[in-house]
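J.: Here it is, the structure, as structure tokens.
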Amino acid sequence: MTSVPPTTPVQRVAAACRLMHEAQGPLPVNTLIAATGCSSRQLQRDFADVLDTTPRTYGRSVRTTLARHRLAGATRVTDAIYDAGYGSVRAFYEEAAQRLGMSPRDYANGAPHHVLLWSITDTDIGTVMAVAAPQGLCSTGIGEPAELMERVKREFPAAILLRDDGAMTDVMSALVHLAAGRSAPDLPLHVQGTAFQARVWSALKEIPEGDTRTYAEVAQSINAPSSARAVANACGANPTAIVVPCHRVVRTDGSLGGYYWGIEIKRDLLQREATP
DNA sequence: ACTGTCTGTGCTT
DNA sequence: AAGCACAGACAGT
């Protein structure tokens with residue numbers, strides 16, 4: 168699961184970034200080098216080469232980005248500030264306030280690309296690729312490896328994509344189980360969507376394996392009974408196929424409806440789930 | 001070519 | 001004022 172000390176610059180940077188995402192903010196360089204197995208000077212150079220920034224700047228960006236997201240949904244601004252890891256409201260305003268409303272140039276300097284890990288594996292329903300941030304799974308896809316790779320590059324154009332089969336062993340084995348129509352432990356997700364999409368996707372996770380719902384039923388279950396069409400669109404926009412089981416939603420007349428990755432795969436998945 | 005040590009400078013707290 | 005991050009210079013492999 169946890170890999171040996173990273174040896175390439177990109178791997179070292181990825182390891183350090185992951186630590187700071189877990190810590191939700193900047194960490195002392197001396198803490199970071201424990202995980203990277205190199206000197207502080209080398210880590211500084213790696214960050215400069217790979218991300219065109221510094222460890223500290225990256226960590227601050229993690230914290231301010233978190234603050235930005237929390238502020239969006241917070242009832243009390245001060246709660247959001249403390250949740251985001253600032254020691255005081257004053258510290259927040261001094262460090263982050265300008266950054267939250269920063270110029271495009273500052274944003275480019277202070278918000279480096281994300282490092283995303285990916286892996287790919289064969290399953291019963293075809294080749295499956297998965298992309299993960301430290302917070303959780305971002306994207307899954309089914310199909311030809313080359314096409315999947317292209318798709319991911321388009322989906323995350325600013326990301327540094329790093330293949331790491333070792334770090335994703337658990338995720339990939341869960342996907343293999345799911346693709347076989349069997350159950351798997353819940354995977355942490357890190358997906359972005361509108362509020363409506365989020366409601367649909369979380370409703371989909373409630374559909375038991377081997378079962379199906381109609382688009383209209385899902386619409387009712389989220390208190391939007393007239394939104395069956397919008398539900399179908401949200402299913403089509405599901406970034407984490409198989410994990411969020413959009414394949415379990417069918418039309419009221421019993422036909423399968425659509426599936427982003429191909430109707431054959433949807434049929435295949437449902438058959439495997441129906442016959443355990 | 002890549003990496004670590006030493007070091008001066010300048011931020012941050 | 002103290003501590004730390006940063007990056008240049010240099011040397012070892």
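Read in order, the letters of the first sequence correspond to residues 168 to 443 in my numbering.
No residue lacks a Cβ here, since even glycine has one placed at the ideal position from N, Cα and C.
1) Taking a contact to mean a Cβ-Cβ separation below 8 Å, would you say tryptophan 368 touches leucine 328 in this structure?
2) With a CB to CB cut of under 6 Å and the five nearest residues on each side skipped, what residues in its chain are close to proline 193?
3) Please state whether DSSP places isoleucine 389 in a helix, a strand or coil.
4) Got a sec? Which residues, its chain only, sit under 7 Å from phenylalanine 214 by beta carbon, not counting five neighbours each side?
5) Alpha carbon to alpha carbon, how far is isoleucine 409 from isoleucine 374? Give it in angstroms, no decimals.
6) Please state if the CB of valine 343 and the CB of threonine 407 are separated by a distance shorter than 8 Å.
7) For serine 206, tell me which candidate among Ala234, Pro176, Arg185 and Leu233 has the shortest Cα-Cα distance.
8) Please work out which residues of its chain come closer than 6 Å, Cβ to Cβ, to glycine 268, disregarding the five sequence neighbours upstream and downstream, and give them in chain order.
9) Looking at leucine 199: is its Cβ nearer than 8 Å to the Cβ of leucine 186?
10) Helix or strand or just coil, what does DSSP make of serine 286?
11) Check the C-beta distance from glycine 310 over to leucine 436 and give it rounded, since I have them as a contact under 8 Å.
T.: Inspection of the coordinates gives the following:
1) no
2) Arg223, Gly226 and Arg227
3) coil
4) Val180, Thr220, Thr221, Pro222 and Tyr225
5) 12 Å
6) no
7) Pro176
8) With a pLDDT of 37 at glycine 268, under the threshold of 50, the modelled position of that residue is not reliable, and the figure given next carries that caveat. For glycine 268, where only same-chain residues beyond five positions count, there are no Cβ hits under 6 Å.
9) yes
10) strand
11) That pair is no contact at about 14 Å.
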